[in-house]
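Number of protein chains: 2
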Amino acid sequence: MKGIGGPGAARARKGFDWRRAVAGICLLAAALGCGAAQAEDGYELWLRYRPIEAARADGYRAFATQLLAGAATPTQAATREELQRGLRGLLGAAPPLAERVTRDGALVVGTPASSPTIAGLRLDTEGLGREGYLIRSVVVDGRKATVVAANDDAGALYGAFHFLRLLQTRQPLDRLDLREVPRLKLRVLNHWDNLDRHVERGYAGESIWDWHKLPDWRDPRYVDYARANASIGINGTVLNNVNSNALILTPMYLEKVKALADVFRPYGIRVYLSARFSAPREIGGLGTADPLDPRVRAWWKAKADEIYRHVPDFGGFLVKANSEGQPGPQDYGRSHADGANMLADAVAPHGGVVMWRAFVYSHETPDDRAKQAYAEFVPLDGRFRPNVMVQVKNGAIDFQPREPFHPLFGAMPKTPLMMEFQITKEYLGFATHLVYLGPLFEETLRADTKAKGEGSTVARVIDGSLHADTLQDPLTGMAGVANIGADRNWSGSHFDQANWYAYGRLAWNPDASSKAIAEDWVRMTFSNDPRFVAPAVGMMVASREAVVDYMTPLGLHHLMGRGHHYGPGPWVDGGPRADWTSVYYHRATREGIGFDRSASGSNAVAQYAPAVAAEFGDIARVPEPFLLWFHHVPWDHRMRSGRTLWHELVHRYTRGVDEVKKMRAAWDGLAPYVDAERHRQVAAFLAIQEKEAQWWRDASLAYWQSLNGRALPPGYAPPPKPLRYYQSLEFPYAPGNG
Amino acid sequence: MKGIGGPGAARARKGFDWRRAVAGICLLAAALGCGAAQAEDGYELWLRYRPIEAARADGYRAFATQLLAGAATPTQAATREELQRGLRGLLGAAPPLAERVTRDGALVVGTPASSPTIAGLRLDTEGLGREGYLIRSVVVDGRKATVVAANDDAGALYGAFHFLRLLQTRQPLDRLDLREVPRLKLRVLNHWDNLDRHVERGYAGESIWDWHKLPDWRDPRYVDYARANASIGINGTVLNNVNSNALILTPMYLEKVKALADVFRPYGIRVYLSARFSAPREIGGLGTADPLDPRVRAWWKAKADEIYRHVPDFGGFLVKANSEGQPGPQDYGRSHADGANMLADAVAPHGGVVMWRAFVYSHETPDDRAKQAYAEFVPLDGRFRPNVMVQVKNGAIDFQPREPFHPLFGAMPKTPLMMEFQITKEYLGFATHLVYLGPLFEETLRADTKAKGEGSTVARVIDGSLHADTLQDPLTGMAGVANIGADRNWSGSHFDQANWYAYGRLAWNPDASSKAIAEDWVRMTFSNDPRFVAPAVGMMVASREAVVDYMTPLGLHHLMGRGHHYGPGPWVDGGPRADWTSVYYHRATREGIGFDRSASGSNAVAQYAPAVAAEFGDIARVPEPFLLWFHHVPWDHRMRSGRTLWHELVHRYTRGVDEVKKMRAAWDGLAPYVDAERHRQVAAFLAIQEKEAQWWRDASLAYWQSLNGRALPPGYAPPPKPLRYYQSLEFPYAPGNG
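So the sequence lines, in the order shown, correspond to chains Y and W.
No gaps in the numbering here: position 565 of the first sequence is 565 in UniProt numbering, and each next residue is one more.
No gaps in the numbering here: position 33 of the second sequence is 33 in UniProt numbering, and each next residue is one more.
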């Protein structure tokens, strides 16, 4: 067959290489478009394994002439299966299995325990831990081979995915010398999934957990969930909403949890549960949930024991307590530490952990919302058990398009802090706006807390290195509020998959480049054609700033529609809490706008290290992206551009919309390089995004004008409708409402 | 290529037949299992179009050597596209398009208006109406051809699907002479979908209508929905729950409804909406919804006009009024006819209809629930506008596993009655129990009302022929409460798709054989291998009786868990209405069980024609399947089997469980003939069904024993747990709750 030959043909010394022939027929058939075209509906995420172009494939085949990979454990079997699936898709046929290297180009995968070949290589696997791996070009018995080696099956699984990624992204396979060790121990997803399958802040359909049919029916989709997560190193999943339902701790549900844990275990993923603090009362029949009450402590201990009987490697609990109406230790005059430690003691004998969320704000205290978590938690520094992590959102308000890093990072040197990012786009356009969050995650991770001088990045806080003197070998971790649902494409839109992907890659390596991650993702998910890759990556990296511009420019925040958080609502006022309104956060008047968090205002800046506080607190030094986060500023304030603040705001909103228009034009131009199915959907969503970006701009400007009485600068189109029109819009069934 | 040759080769007179070559490569590739195996996840329903085995395919190719099918209208384009898709999948390649017949074996599809060839044949298309079609083997210009002809594009579309079905079920294509005309005009689905995407009594995931992204994003799935429905002749869909939300009539939602209507129109499907009777108050700002109030009439007229501006072929309204808390004309002292006629007048100028549900029961009247619809509607016979249909459930209670036909059938000779079946298995095991409902639908349709002597079948009532003397050319129709949701397999389980399929086939021809329909479906959806077909069809046709046996034998009814309707609950008692309990319906005591609907009881039998009433009302003549529906019977009553009633009940429950065990064994044996993916899922669901059938049996028997104080007959295993255990089970998140 034409095109199948070259170096590989020479290797087929042992008679007719029928695998090569089959591979050839398969590739020919694919080229002819035989049968049903492989649907590009997004289901396969970044693990599409489409045939590699012939010349390249031939070259790669030389590095996968045979596969040495055991299947003695479930993880080994999963690893081997993934390699076979991937190589079959990419190269037309899976390499034959072998027990020993007998050809040049063998691929050897495993651990010293699983592979005599690897054991014999005596590789330098120290420091890889359980999850790290090497990928190296070696010589075995005089033959070239690629080895993917680890200390543990889990590391080999991660290494196998990495190897496949090299092919998916068309990297060279000769002279490999890669070494990867995850920087954080716990790399988890948080599903805000309710037991009725509603996903809070979910825009990708209902919960994928079909509780009614579990445990007897385990949807094969759960395996694909596990594969996708393993491919990006995610090793834990919290199954249920932080606004928790105690029923998940009852026997009926523990059977179902166990079934899920059994599916995930071979992929290195442990299951965790959100624990409702009042469970001892709600399902335990106790009259109290006081963490210092011996009956309560005994109840949780017994409950933990019961959970571990079902799931021996259960990860532990995630807890939202005394926040937004959730029960907690403060209901009994106890502290967060009291509550966390009680649960920690219950799971410690089993190796479990507690992730205790710092997203709290008092019922009563009218202090600046941005200050409250710090005020509650810093006094508790060092008071938590070693198996407790305090889980802190990236910023002090709530997952806005831009927030300065949370002041708790660097301020609790004796407590392991876990980063909480939001992958689902609650405040960033739901599923229809193309917003790549890699830059947002990266910005936070690289932010310098200056807690111990320059270079005290948030990444170094959460990886334990910054406070190594006060915390010995602490737990480390990152949590991501998942954007996963029952939609065919998992995440609500094709590009939203990239946020799940980037989150996993950054949890593995918090210093990775979000742009490089975007490129990997684009290559794996769409195409390696350079005419596609560069523009697509460009769209992605520009998208975060676009949404900041059209929703919440210059440090503005929390201006969305009430309840559902869909669309603009800078006028939102009234209701049970001031800090649930928009007016609380923008404080716009006839003379200016912005929240004074400097010393003349709430002094939230003082919660940062002095060098940072000095910068943020000084209107002349604060980075412009944070101007209105930290300062109340007159509309006439002169910006670095030379424009007044008012003019700059109008400029930014307008620029944001223009950026979306550019994204649309760019995407239109990419039609020749991508399947029609996905091109059409992305194009339709970009059209929605442009409409909604325009809406955000117009509604916001109409409102600011109603306060400042100012005209738009010349050259800017006024909002086409009056303010009351925008204020009248209602969306009673916008998805994901809490 | 081996296997590709024979008669077809001779026809390739005009040079190399590259299409045949491609087809051959494709079939070879499929045989080799190239690339990703086509997932058998159920998404394609019965329109899978998998390659036909080589010898057969070759024979078929002789009947599809070229395709004459216009594409001048959207329906023509949809028709052509479906034929190309189907033939490509089945035969390896779509036949080339042609304008004239130039080869033996041409396939000619269309109408006299769309096809000069068809016009020239001067076929006997009278009586086909708009939706009927012919499929006939003819000779055109001396060449053999198959013609699929109709008067209208819609008929040609239906004919095209029928033609494809012939191949899918391996029927011969020579000497075809088929003529099909639908017996009912309106063949609709009723989606009980809410605007928040919850599907009431839905077990297949959330609603497929993604309202939030409509109208700008029209999920390609909507096209596949339309194709599936068109393939079984369904020509209308009511988008929203009969427990209606007035918001669907507001401009924001009408834009979304229009978008859906635009997708469905080419497939011959019209959109309808459930109308909330109190909409004039809720969204119209009026102080009343009195159907006789001129302002209310004007509001509905204007609303109808508005709807028709969006959707010019809008079908009309479905209304649930004065039932289960829904608002209605009786709130104003008006009749159902007043209410229906007001709406009918609003839509009549546009050709619209009103389907007014007869599922009503009074707040106050303590009369037998089974009598209430008749009591309310018979006095209104003849009082409805011609464009009103009264929509009547198949039985007088609520979609139980078995109900005698509704007494309204045959009792309203001056009013068009529309049948309402339930396709979703609210009372039949949700998505996990394999229950083929074809026999249930068929039993009702073939039931003899004897309203005008023998042969006054329910089918003849609803097709208008029985009352042709009192109703001239009436509306006719059937409604099916859909089992469709966002699940990948649409219906919650693979075999549940068969119920959607059978419903459509029976709506087209109410006298069709449910067993023949099952065979078609099995062949199209799974396999034509006779080793598979016969056992699978056997399983299906036996399944309905099995569920009757293990849930509600011998005429028992309404014994399920409260609210969610999941699992057994014969003890359900108390609450706001007696007729929402189980005890109301079984009336079991120490001495007997069953609801006396004979003359000595509620006399519901008197609502039937005298011959039927005499049969049902006489304990010696009533068919045993209806015994406890119509009679209160002592436990010692001697059954036809010779057993006592108690013994017979125990026998039936146990037999039902045994039947499921047989189904499991049968399915296990079918593994070699079906893909592993679906085999595994069906097997897992059958295991769940066996567990739940056992549960129904055990819980029910434990309860009956607690009342009758009797032991089980010898040889029957007692319930393994005490009654209180079964009574204690709670399922707060069972799906589909209302």
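Cβ coordinates follow ideal geometry from the N, Cα and C atoms, glycine included.
Counting along the chain, where does the alpha helix (DSSP H) carrying residue i start and finish?
i: S728/Y; result: L723 to S728
i: L254/W; result: P251 to F264
i: M355/W; result: Unbroken run through M355/W is the beta strand (DSSP E), V353 to R357; no alpha helix (DSSP H).
i: R643/Y; result: Neither: R643/Y is in no alpha helix (DSSP H) and is coded neither H nor E.
i: A119/W; result: P116 to L121
i: L628/W; result: L627 to F630
i: L440/Y; result: G438 to R446
i: L91/Y; result: P74 to L91
Going by the DSSP bridge assignment, what does residue i pair with across the sheet?
i: Q422/W; result: V481/W
i: I619/Y; result: In DSSP, I619/Y forms no bridge with anything.
i: V572/Y; result: Answer by DSSP bridge pairing: none, since V572/Y is not bridged.
i: N190/Y; result: V238/Y and V481/Y
i: R179/Y; result: L134/Y
i: Q391/W; result: R357/W and M418/W
i: A149/Y; result: G110/Y and L134/Y
i: L649/W; result: Paired residues: none, contrary to the question.
i: R143/W; result: V140/W
i: G594/Y; result: G594/Y pairs with nothing; no bridge assigned.
Alpha carbon to alpha carbon, what distance is there between residue j and residue i?
i: I234/W; j: R88/Y; result: 42 Å
i: Q727/W; j: K301/Y; result: 30 Å
i: S244/Y; j: G284/Y; result: 16 Å
i: K256/Y; j: R309/Y; result: 13 Å
i: Q497/W; j: I423/W; result: 9 Å
i: S99/Y; j: V108/Y; result: Checking the displayed sequence, the identity of residue 99/Y turns out to be Glu instead of Ser. When rounded, the distance between both Cα atoms is 9 Å.
i: residue 739/Y; j: K452/Y; result: The structure shown does not extend to residue 739/Y, since chain Y spans only 1 to 738, so no value can be given for it.
i: L670/W; j: Y49/W; result: 21 Å
For the beta strand (DSSP E) that residue i lies in, which residues bound it at each end?
i: G155/Y; result: That residue, G155/Y, is in no beta strand (DSSP E); its alpha helix (DSSP H) goes D153 to Q168.
i: A106/Y; result: A106 to G110
i: V461/Y; result: No beta strand (DSSP E) contains V461/Y, which is instead part of the alpha helix (DSSP H) from V458 to I462.
i: L273/Y; result: R270 to S274
i: A69/W; result: Q66 to A69
Note down, in chain order, each residue of its chain lying with its Cβ closer than 7 Å to the Cβ of residue i, except the 5 sequence neighbours on either side.
i: Y703/Y; result: P570, W571 and L723
i: V435/Y; result: K425, L428, G429, S543, R544 and V547
i: K14/Y; result: Annotation note: pLDDT 45 at K14/Y (below 50); position unreliable, no value reported.
i: R590/W; result: L707, N708 and G709
Buried or exposed: residue i, going by 16 or more other Cβ atoms within 10 Å of its Cβ?
i: G382/W; result: exposed
i: E454/W; result: exposed
i: D636/Y; result: exposed
i: V319/W; result: buried
i: D267/Y; result: Correcting the residue identity first, residue 267/Y is Tyr in this sequence and not Asp. The residue is buried, with at least 16 neighbouring Cβ atoms inside 10 Å.
i: residue 739/Y; result: Since the first residue of chain Y shown is 1 and the last is 738, residue 739/Y is not available in this structure.
i: A55/W; result: exposed
Please list, in chain order, all residues of the same chain as residue i whose beta carbon is under 8 Å from its beta carbon, the five residues on each side excluded.
i: A36/Y; result: A caution first: A36/Y carries a pLDDT of 48, below 50, which makes its placement in the model too unreliable to give a value.
i: R502/W; result: According to the sequence as given, residue 502/W is Ala; it is not Arg. Closer than 8 Å at Cβ, skipping near neighbours: Y436, L437, G438, F441, S514, I517, A518 and W521.
i: P625/W; result: R402, V548, L554 and G555
Looking only at its own chain, which residues have a Cβ that is under 6 Å from the Cβ of residue i, when we skip the five neighbours before and after it?
i: R270/W; result: G236, D313 and G315
- Proximal residues, the segment 184-207 of chain W versus chain B, C-beta separation under 7 Å: You won't find chain B in this structure, because its protein chains are Y and W.
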